[in-house]
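Here is the structure we will look at.
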Amino acid sequence: MKTGIRVRTATVGATFALAALPAWIWAQSAPQVARSPDGVVVAAQPLAAAAGARMLELGGNAADAAVAAAFAISVVEPSMNSIGGRNQILIRTADGIVAGIDGTTSVPLGYDPATAPRAAYGYPTVGVPGTVAGLMRLHEEYGSLPLTTVMAPAIDYAGHGFRLLPGEARRQSASRDQVAESEGARRYYLRPDGSPHDPGDRLVQSDMASTLRAISLGGAEAFYRGEIAARIAEDMAANGGFLTREALAAYRAEDSRIVRGSYRGFEIVGSDIPASGAIAILALQIAEVFDPDGMSDEAWASVIAQSLALAMTEYRRDSSDSSAVRVTSKVFARELAEQVTVPAAASLESGSRSGSGTPPAGRSLALAGVGADLHLPPDEGHTTHLSAADGNGMAVALTQTIGPGMGSKVATPGLGFLYAVTLGGYLGISEPGERARSGITPFMVFDDGEPLLVLGAAGGIRIISAVVQAVTRVVDDGLALPAALAAPRVHPNMGPEGFSGFAVEAAPEDGWSEAAVAAFRTMGFDITATPRQGAFGRIHGLQYDAEAGIWIGAADPDWEGTAVAPRPAGVSGGN
């Protein structure tokens, strides 16, 4: 381990006070790491991971597990995602084919950006939801169990209720005032007296259960063209929203453009715009030009931060095949790598290092001005990610979001779910049919065609930097995924003047040490030390040990998620 890192163990589970549910809900005390030859499901909330693992126990595959976990997480982590939101899905089939599904929210037909309000939340920010369409495609094209079986856990959690975890209760409370402005959201997420729920409170969502039950029986048709669609459109028309029944009926989950690159001999695969897989590939291929073995950990982190900053200048590029080829090419990465400065004096504690000199105080000289007018999305800690794999080689990386905490803060009375923020300038889109570009990055790493890593993250634009650094920790530092997720991260500061140094994770338990932060500053970079846990993305991912034939699932230690493996046949569970 290099000298600047302070890592905490990610293998200790936490016990959560959860509602007493049917006997098969058995993950009330689940660890953040799980290992199994039969697959693992990792999600940001224990009940969601348990729902996915149950599908594997029933003989389902990774697609069944991912759909079950995704619907469940929309119930038990509503501050981060919803069936009224968007998702991006990356699939590796059992026979090695990689495909992607784009369930991103879109601008409704008839939307006029010239006259629409520039709102931050509320009905005018609601676009066409994509989550349900994305999950239905995943189930229909890759799943094996009946939809009613796959959605049963989510319906159970909504109808019977579950106990709020501390983090979820805190996030709901933070949006209390805005949530109170919506009749539906107020009904579902505040007490009758208008106060927010406390940790441990039972949250029962009967209307959400009814909506999910209708989807389980009628699929996407029930949501986009049936009674649910009619109620959505009526509510929007009455409250200044732009989402119409026609726009809902026209929505389709699309194929993602799959992008590929390589990093030190490993194949790296993601999905392109509106996702950010190409940006992650570019950042890794820029960093690949440099040899971390000749640097201190701080110097290498500065190279990673600069590589990310350079890659993010491509965030607003055109969405086309030719653009994807250019941005993932090694030639382009090498050209950009010429702008990276490797510090000559990297650490008070480090050994050997390389580089061409120290940048002037406050910024890297080579990157001055990079990123101006880039219009990256807000740097907020929202979104959820889950990963699932089975014993036959299928794996799924699925990221789901509603934007900032509690999304639009709007829910239609009688339906029970929140909508994502899409319109109003939040994501910089305005043309009818346009899809919301984001930092969402479902990602996979392959070793000679076999999966090595299946991952993604939550955390706004910091999703990209979290994914990139998890890959480098495994490939360059030789860490197992649980340790890689516990290692401290950096993220470039991309302000109006361009790259201006970088933020460093400084949480007491697992951040950079004080000596490391001082070393960053001696290099001449403008450093923002951030002590808040979870501020640098939260990864829920999988690593495959091909030699042992075992999947290793790891939940980010900065969150309340868990990794759950299916129980062996004949092992019963209980409350």
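Note that my numbering numbers the sequence shown so that position 60 is 60, with each residue one more than the last. Cβ coordinates follow ideal geometry from the N, Cα and C atoms, glycine included.
*Hey, out of ALA389, MET80 and VAL303, whose CA is closest to THR341's CA?*
Within the sequence shown, numbered from 1, the residue matching residue 341 stands at position 341. Ranking ALA389, MET80 and VAL303 by Cα distance to THR341 puts VAL303 first.
*Specify, as a first and last residue, the run of the alpha helix (DSSP H) that GLY52 falls within.*
Taking the sequence shown and counting its residues from 1, the one referred to as residue 52 is at position 52. Per DSSP, GLY52 belongs to the alpha helix (DSSP H) from 46 to 57.
*Assuming PRO129 contacts ILE83 (C-beta within less than 8 Å), just tell me the rounded distance between them.*
Along the sequence shown, read from residue 1 onward, the residue named residue 129 stands at position 129. Along the sequence shown, read from residue 1 onward, the residue named residue 83 stands at position 83. Indeed, because the Cβ distance is near 7 Å, the residues count as touching under 8 Å.
*asked:* If you measure between the beta carbons of ALA336 and THR211, is that distance less than 8 Å?
replied: Here the question's residue 336 lines up with position 336 in the sequence shown. Here the question's residue 211 lines up with position 211 in the sequence shown. Checking the sequence shown, residue 336 turns out to be Leu, not Ala. In this structure, THR211 does not lie closer than 8 Å to LEU336 by Cβ.
*Alpha carbon to alpha carbon, how far is ILE429 from ASP207? Give it in angstroms, no decimals.*
Taking the first residue of the sequence shown as 1, we reach residue 207 at position 207. Taking the first residue of the sequence shown as 1, we reach residue 429 at position 429. Cα to Cα, ASP207 sits roughly 31 Å from ILE429.
_Give me the DSSP bridge partner(s) of GLY261._
As a first step, residue 261 is located in the sequence shown; it is residue number 261 there, counting from the start. Partner(s): ILE268.
*CA-CA distance, LEU135 and GLY103?*
In the sequence shown, residue 135 corresponds to position 135, counting from 1. In the sequence shown, residue 103 corresponds to position 103, counting from 1. Taking the straight line from one Cα to the other gives about 8 Å.
*For LEU423, which of ALA120, ALA50, GLU246 and PRO78 has the nearest alpha-carbon?*
Position 423 of the sequence shown, counted from the first residue, corresponds to residue 423. Here the closest residue by C-alpha is ALA120.
*Go ahead and label LYS409 buried or exposed: buried means 16 or more other beta carbons lie within 10 angstroms of its beta carbon, across all protein chains shown.*
Counting from 1 along the sequence shown, the entry for residue 409 is found at position 409. By the 10 Å Cβ count, LYS409 comes out buried.
_Contact under 8 Å by Cβ, LEU282 with VAL327_ = Taking the first residue of the sequence shown as 1, we reach residue 282 at position 282. Taking the first residue of the sequence shown as 1, we reach residue 327 at position 327. In contact: LEU282 and VAL327 (Cβ atoms closer than 8 Å).
*Identify whether VAL126 lies in helix, strand or coil by the three-state DSSP scheme.*
In the sequence shown, counting from the first residue as 1, residue 126 sits at position 126. It is coil, neither helix nor strand.
*Looking at VAL475 and TYR263, is the spacing between their C-beta atoms short of 8 Å?*
Translated into positions along the sequence shown, residue 263 becomes position 263. Translated into positions along the sequence shown, residue 475 becomes position 475. Cβ distance < 8 Å, so TYR263 and VAL475 count as in contact.
*Give me the Cα-Cα distance between PRO166 and ASP198, rounded to the nearest whole angstrom.*
As a working mapping, residue 166 is identified with position 166 in the sequence shown. As a working mapping, residue 198 is identified with position 198 in the sequence shown. Those two C-alpha atoms are separated by around 8 Å.
*asked:* When you compare the CB positions of GLY449 and GLY96, do they come within less than 8 Å of one another, or not?
replied: As a first step, residue 449 is located in the sequence shown; it is residue number 449 there, counting from the start. As a first step, residue 96 is located in the sequence shown; it is residue number 96 there, counting from the start. Closer than 8 Å, so yes.
*Tell me the start and end of each unbroken alpha helix (DSSP H) in the region 288 to 333 that is at least 4 residues and wholly inside, in chain order.*
297 to 312 and 321 to 327
*Quick one: which unbroken alpha helix (DSSP H) runs of 4-plus residues sit fully inside the region 139 to 192? Chain order, please.*
147 to 160, 166 to 174, 176 to 179 and 183 to 189
*What's the C-alpha gap between GLY265 and GLY407?*
Within the sequence shown, residue 265 is the residue found at index 265, counting from 1. Within the sequence shown, residue 407 is the residue found at index 407, counting from 1. Rounded to the nearest angstrom, the two C-alpha atoms are 40 Å apart.
*According to DSSP, is GLU509 helix, strand or coil?*
Here the question's residue 509 lines up with position 509 in the sequence shown. Of the three classes helix, strand and coil, the one that applies to GLU509 here is coil, per DSSP.
*Buried or exposed (CB count within 10 angstroms, at least 16 for buried), PRO568*: Numbered from its first residue, the sequence shown carries residue 568 at position 568. Its Cβ having fewer than 16 others within 10 Å, PRO568 is exposed.
*Confirm, please, whether the CB-CB distance from ALA546 to ALA529 is below 8 Å.*
Mapped onto the sequence shown, residue 529 falls at position 529. Mapped onto the sequence shown, residue 546 falls at position 546. Contact: no.
*Can you give me the Cβ contacts of SER323 inside the same chain, cut-off strictly under 6 Å, excluding the 5 residues immediately before and after it?*
As a working mapping, residue 323 is identified with position 323 in the sequence shown. If we look at SER323 and ignore the five residues flanking it on each side, its Cβ neighbours are ARG317.
*Taking the CB atoms as reference points, tell me whether MET48 and ALA133 lie closer together than 8 Å.*
In the sequence shown, the residue the question calls residue 48 occupies position 48. In the sequence shown, the residue the question calls residue 133 occupies position 133. Reading off the sequence, residue 48 comes out as Ala, not Met. Contact: no.
*Please work out which residues of its chain come closer than 8 Å, Cβ to Cβ, to THR244, disregarding the five sequence neighbours upstream and downstream, and give them in chain order.*
Start at 1 with the first residue of the sequence shown, and residue 244 comes out as number 244. Result list for THR244: PRO108, LEU109, GLY110, ALA233, MET236 and ALA237, in chain order.
*Counting only runs that start and end within the region 452 to 486, where is the alpha helix (DSSP H) found for 4 or more residues in a row?*
462 to 475 and 481 to 486
_Own chain residues within Cβ distance below 7 Å of ALA555, not counting five before or after_ = If you number the sequence shown from 1, residue 555 lands on position 555. Excluding residues within five positions, the ones whose Cβ falls inside 7 Å are GLN32, VAL42, HIS540, GLY561, THR562 and ALA563.
*asked:* Among the candidates VAL471, GLU183, SER182 and VAL396, whose CA atom is the shortest distance from the CA of GLY143?
replied: Within the sequence shown, residue 143 is the residue found at index 143, counting from 1. Measuring from the Cα of GLY143, the nearest candidate turns out to be VAL396.
_Residues of its chain near ARG137, where Cβ-Cβ distance is below 7 Å and the 5 sequence neighbours each way are ignored_ = Position 137 of the sequence shown, counting from 1, holds the residue named residue 137. Within the same chain, ARG137 has close Cβ partners ILE101 and ALA253.
*Heavy atom of the ligand PLP less than 7 Å from the Cβ of ALA238, yes or no?*
As for the ligand PLP, it is missing from this structure, which has no ligand bound.
*Provide the residue span of the beta strand (DSSP E) that contains VAL40, from first to last.*
Reading the sequence shown from its first residue, position 40 is the one you call residue 40. That run of the beta strand (DSSP E) goes 39 to 43.
*Give me the Cβ distance between VAL577 and MET55, rounded to the nearest whole Å; I'm assuming they're in contact under 8 Å.*
Missing from the structure shown is residue 577; the chain here goes from 1 to 575 and no further.
*Rounded C-alpha distance that separates GLY184 from ALA411*: Translated into the one-based positions of the sequence shown, residue 184 becomes position 184. Translated into the one-based positions of the sequence shown, residue 411 becomes position 411. So the alpha carbons of these two residues sit roughly 5 Å apart.
*Put GLU582 into one of helix, strand or coil per three-state DSSP.*
Here the chain covers residues 1 to 575 and nothing more, so residue 582 does not appear.
*Output the residue ranges of the beta strand (DSSP E) runs that lie fully inside the region 83 to 139 and measure 3 residues or longer, sorted by chain position.*
86 to 92 and 98 to 103
*asked:* The alpha helix (DSSP H) that contains ILE215, what's its start and end?
replied: As a first step, residue 215 is located in the sequence shown; it is residue number 215 there, counting from the start. Looking at the DSSP string, the run of the alpha helix (DSSP H) that includes ILE215 is 206 to 224.
*DSSP state of GLY501 mapped onto helix, strand, coil*: Taking the sequence shown and counting its residues from 1, one reaches residue 501 at position 501. Strand.
*Tell me, please, which residues DSSP counts as bridged to TRP551.*
Looking up residue 551 in the sequence shown gives position 551. According to DSSP, TRP551 bridges with SER36 and TYR544.
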